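In the working numbering, the protein residues as written are 40 to 130.
Even for Gly, the Cβ is constructed at its ideal location relative to N, Cα and C.
As the structure is a prediction and not an experimental result, all values here were calculated from the model.
Notes to accompany the following structure.
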């Protein structure tokens with residue numbers, strides 16, 4: 040089953056956090072793991088999905104948002120913040 044872009048973007052908190060992190064600057068897998076308090080086993084499948092959708096590119100050991108990834112993350116950031124604020128208000 041092919042995943043649509045909205046599902047890829049919003050169905051995984053790890054992917055969402057990863058995209059928002061890469062918005063700040065390109066990072067190595069070690070930096071990603073440290074910033075997101077995770078490990079390569081958990082984050083590499085997420086990076087693979089984002090690369091397959093053309094949202095993330097990898098140059099050597101550095102991961103960064105593609106041009107389309109930058110555009111999409113800029114647009115989705117306010118939506119994610121709104122969702123998280125709503126979640127916090129209803130806990």
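One Cα belongs to residue 96, the other to residue 129, and the distance between them is close to 36 Å.
Note that the region 107 to 123 does not touch the region 79 to 88; fewer than 3 beta-carbon pairs, one per stretch, sit closer than 8 Å. Of all C-beta pairs linking the region 101 to 110 to the region 41 to 56, fewer than three are shorter than 8 Å, placing the two stretches out of contact. Note on geometry: alpha-carbon atoms of residue 50 and residue 43 lie some 11 Å from one another. By the neighbour-count criterion, in which 16 or more other beta carbons inside 10 Å mark a residue as buried, residue 45 falls on the exposed side. Linking residue 76 to residue 69 through their CA atoms gives a straight-line distance of about 10 Å. Here residue 94 is buried: its Cβ has 16 or more other Cβ atoms, across all protein chains shown, within 10 Å. If only uninterrupted alpha helix (DSSP H) runs of at least 4 residues are considered, those enclosed by the region 60 to 125 are 68 to 75, 79 to 91.
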